[in-house]
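Presented below is the structure to which this report refers.
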Amino acid sequence: MLLQSYYPEIDTVYYKINLEGLQSNTSLPFHVGFKHLENHIEGRVFAHQNFCIVHSKRNFKQQLLEQVSIKGAHIKIAYLKRGNIQITRINQDQNNISHGKVHIGFGNIVENAVHIPSGYSESILLFIPLDFFNSTLKKASWYFENDIYNHIYHHQKEDPEIGTFAADVALHKLFEEMIHLHEQRALKAQFMELKLQELLLYLHEHPHITTDREAQIHPLIKEKLVQAKTYIDKYYMKTPTLKFLARHILLNEMQLKTEFKNLYGYTVRSYIIQLKMEKSLELLKTYPVNEVSTRLGYRSTSHFISTFKKYYGTTPAAAKL
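So, in structure tokens, the structure goes:
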């Protein structure tokens, strides 16, 4: 399978990867990126014959077009951690993906035009060769009942896009674990393969999350929910309450609680915890545990430690090592 990302407006190749050129026992982690005027992108790639993971962080001062080419039968799973993008597939309709959404597609020879607006965005792309998908899961009892399998082999000519949906908390943590794993140089590819199997099994066992409920939300309500999320993104360290947010966007608490989860896949509280936990890893590189706790708005260090351990499965002190 051949993968390439190219930015035509600045004539720059972001990455170019040939998975078929890698030996079966070889895994290749490496950094990619570029700086062009005030546009910056940095990424980490973990390439293996059976899969490829690309974790990208972009900070653009202008909208840029990314042309993504994929040659070889594959499944693509894209998770947008931050920002908003628009994907246009040749001879297909546009697909808008917003923060917290997962997009799954498949194909053989695919050319995507990805419109990336100005500002910060972060994404995780998983490319899985179809042969590996089949050989890995064919022994599973649920293989032929899998929605992805059925869509590929029963609807291939009708719709190459499997779906776009909001990631719930558990799915978000799965992607986070993959990032954490592929940043470790000593990683054996078998561990990542297990995570991919876990991801596919999770999607199979939770088919309800693949139903995008965004279309069912009234446009005015959705606008208010976006306002709430924007406020949380800016002031999450102050731990805004559900009551405060509801008053801020002029929506009742029950609507905010229910529709926020429908739109983004997780509750207001879970989202605030997620933001704090992600920020904590960055702060722990510089500050002691008690200061990180204070900066993140926790009333006590013990509360921060227990939340961190529940989220990451280890203590902040151990994460600093």
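Numbered per UniProt numbering, the sequence shown spans residues 1 to 321.
For glycine and all other residues, C-beta sits at the position ideal for the given N, C-alpha and C.
Pairwise C-alpha distance: residue j and residue i
| i | j | result |
| --- | --- | --- |
| R185 | I104 | Legend: pLDDT at R185 = 48, less than 50; position of this residue unreliable, value from coordinates given subsequently. Near 28 Å, if we compare the C-alpha coordinates of I104 and R185. |
| S98 | Q274 | 17 Å |
| L263 | A246 | 16 Å |
| D233 | V45 | 27 Å |
| residue 398 | H115 | Residue 398 is absent from the model: the chain starts at 1 and stops at 321. |
| E176 | K57 | 14 Å |
| V102 | S300 | 35 Å |
| G43 | G33 | 6 Å |
| K320 | I152 | 43 Å |
| Y14 | I53 | 14 Å |
| G313 | A228 | 29 Å |
| H180 | L296 | 21 Å |
| S270 | M178 | 20 Å |
| Y298 | F308 | 11 Å |
| L126 | E193 | 12 Å |
| G119 | T230 | 14 Å |
| L200 | V169 | 16 Å |
| E158 | H36 | Summary for E158: the model assigns pLDDT 46, below 50, so the residue's position carries little reliability; its value from the coordinates is reported in the next sentence. Approximately 40 Å between the Cα atoms of the pair. |
| A140 | I217 | 37 Å |
| T239 | L220 | 25 Å |
| R82 | G100 | 7 Å |
| K138 | Y202 | 16 Å |
Beta-carbon proximity check, residue i vs residue j, cutoff 7 Å
| i | j | result |
| --- | --- | --- |
| H74 | L130 | yes |
| L65 | E9 | yes |
| K224 | I249 | yes |
| I109 | K76 | no |
| I128 | H55 | no |
| V68 | S5 | yes |
| N50 | F132 | yes |
| K61 | N39 | yes |
Continuous beta strand (DSSP E) stretch holding residue i: start and end
| i | result |
| --- | --- |
| K57 | 51-60 |
| K16 | 12-18 |
Three-state secondary structure (DSSP) of residue i
| i | result |
| --- | --- |
| G33 | strand |
| S300 | coil |
| A73 | strand |
| E158 | Residue placement at E158 cannot be trusted, given a pLDDT of 46 that sits under 50; the coordinates are not used to answer. |
| Q4 | strand |
| H218 | coil |
| G83 | coil |
| Q274 | helix |
| Q67 | strand |
| E282 | helix |
| E38 | coil |
| T307 | helix |
| G313 | coil |
| Y287 | coil |
| T241 | coil |
| L22 | coil |
Endpoints, alpha helix (DSSP H) assigned at residue i
| i | result |
| --- | --- |
| L250 | Here L250 belongs to no alpha helix (DSSP H), and DSSP marks it neither H nor E. |
| T267 | No alpha helix (DSSP H) holds T267; DSSP gives it neither H nor E. |
| K320 | 316-320 |
| N134 | 130-137 |
Closer than 7 Å to chain B by CB, residue i
| i | result |
| --- | --- |
| Y235 | No chain B appears in this structure, which consists of one protein chain only. |
Residues bridged to residue i [DSSP beta-bridge criterion]
| i | result |
| --- | --- |
| S121 | R58 |
| R295 | Answer by DSSP bridge pairing: none, since R295 is not bridged. |
| T164 | H103 |
| F191 | Its beta-bridge partners do not exist; DSSP assigns none. |
| F46 | P29, I53 |
| N150 | Answer is none; N150 lacks a bridge partner. |
| A78 | H103, L125 |
| N96 | Q86 |
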